[in-house]
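In the numbering used here, the protein residues as written are 25 to 305.
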C-alpha cells in the first residue's frame, strides 16, 4: 500500500508500456464490435509531472522528456504519433501539462460502444481515479485489489478486449502472483488480449513468467523488453511486456519502435538494448 506511481510517471518504462498499449488499442478499434479494457492496477489515471512526487525523482526527464526529438515523418515516428498526440504539448523541458496513464489512454482511444474497468486499491490513488472518470458512463473505477480483478472480470460480456496487468512489484511474490493470476483468467477467457508488464530486476523472474505463459495453453504470445542501461547500473534499467494473443501487426511494429525508443531513452549512447521473442503463428 506504500507504492505511488506518481513518483515514476512518465519514466522510460511508462513510455515503453504506453506506446505499445496505444498500438494494441488502435488494432482493437479496427473492428466495429465493442470491447472492454480491464486495467487491474490503474493508479490515478493521469499525472501532473509538476507535482512534488514526480519532481523529486525526476524520472520523467529520461522518459517522456526525451521524446521531443522524435521524427514523426519516420516509420517509427508514424507509429509513435498517436501516443505523442495523447501526451499533447510539452514545455521547454519536455514535460507535458498532464501525463496520461493507461486509464486515460484507454479512455481517449476507445469508442462510445466500448467499456472500461479500472481497479485500484491505494486509497489516495483510487480517490483520484474515481474523480477523474466520474463523468464517463463507459468507465467504472473500482476500489478493488488488482489480483482479485484479474480473475473476477474474465470473461467480459463483450468477449473482446484487453486485460492490462501492471502491478507495482514491491512484494517478493508478485511474479508468482502474476503468473498464477494470468493462468486463472486465461482459463476463463482464452481469446482476450493480455498485456503483462514487468520490471526486469532478476532475469530469472522474467523468464519464469514467460515459461508460465508458454505452458498456459496460449497459442500466441510476444515478449518485448527494453533496456536503457546495462545490468548493474543504478535503479531500474530494463522493463518488459508480455502480450498474449497479440495483434498480428504488433511484432513487426515492435521491430520498428523498440530501436527508436532505445536510442531516445538510453542513458548513454550504445548503453541500451531490446529483445523480441514470440511463439505461435
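Glycine residues also receive a C-beta, built at the ideal position from the N, C-alpha and C atoms.
Cα-Cα, which of the options is closest to residue i?
| i | options | result |
| --- | --- | --- |
| residue 53 | 236, 135 and 209 | 135 |
| residue 195 | 93, 171 and 164 | 171 |
| residue 167 | 101, 64, 120 and 207 | 64 |
| residue 29 | 279, 66 and 90 | 66 |
| residue 237 | 269, 255 and 256 | 269 |
| residue 19 | 146, 41, 32 and 290 | Look at the range of the chain in this structure, 25 to 305, and you will see that residue 19 is not part of it. |
| residue 262 | 290, 60, 111 and 169 | 290 |
| residue 31 | 95, 174 and 149 | 149 |
| residue 190 | 180, 284 and 174 | 174 |
Determine, using beta carbons only, whether residue i and residue j come nearer to each other than 8 Å.
| i | j | result |
| --- | --- | --- |
| residue 253 | residue 295 | yes |
| residue 93 | residue 288 | yes |
| residue 177 | residue 62 | yes |
| residue 198 | residue 224 | no |
| residue 103 | residue 72 | no |
| residue 193 | residue 245 | no |
In angstroms with no decimal places, state the Cα-to-Cα distance between residue i and residue j.
| i | j | result |
| --- | --- | --- |
| residue 220 | residue 251 | 17 Å |
| residue 79 | residue 260 | 18 Å |
| residue 125 | residue 228 | 28 Å |
| residue 212 | residue 37 | 29 Å |
| residue 138 | residue 57 | 8 Å |
| residue 74 | residue 241 | 45 Å |
| residue 297 | residue 87 | 15 Å |
| residue 276 | residue 243 | 18 Å |
| residue 293 | residue 60 | 40 Å |
| residue 214 | residue 115 | 43 Å |
| residue 232 | residue 200 | 9 Å |
Grab me the residues of residue i's own chain with a C-beta within less than 6 Å of its C-beta, minus the 5 sequence neighbours each way, in chain order.
| i | result |
| --- | --- |
| residue 216 | 185 and 187 |
| residue 127 | 63, 66, 69 and 142 |
| residue 34 | 73, 84, 87, 88 and 123 |
Which same chain residues end up closer than 8 Å to residue i when comparing Cβ atoms and leaving out the 5 residues on each side of it in sequence?
| i | result |
| --- | --- |
| residue 50 | 106 and 133 |
| residue 117 | 85 and 89 |
| residue 271 | 47, 48, 51, 52 and 217 |
Give me, in chain order, the residues of the same chain whose beta-carbon lies closer than 7 Å to that of residue i; leave out the 5 immediate sequence neighbours on both sides.
| i | result |
| --- | --- |
| residue 234 | 247 and 266 |
| residue 230 | 222, 224 and 264 |
At a Cβ threshold of 8 Å, is residue i touching chain C?
| i | result |
| --- | --- |
| residue 169 | The structure shown contains no chain C; it is built from a single protein chain. |
Should residue i be counted as a contact of the ligand ZN given a C-beta to heavy atom distance under 7 Å?
| i | result |
| --- | --- |
| residue 291 | This structure lacks the ligand ZN; in fact it carries no ligand of any kind. |
Quick check: the stretch 148-168 against the stretch 198-214, are at least 3 beta-carbon pairs closer than 8 Å? no
Is the number of C-beta pairs between the stretch 82-92 and the stretch 136-153 that are closer than 8 Å three or more? no
Counting pairs of beta carbons, one from the stretch 29-46 and one from the stretch 124-133, are three or more of them closer than 8 Å? yes
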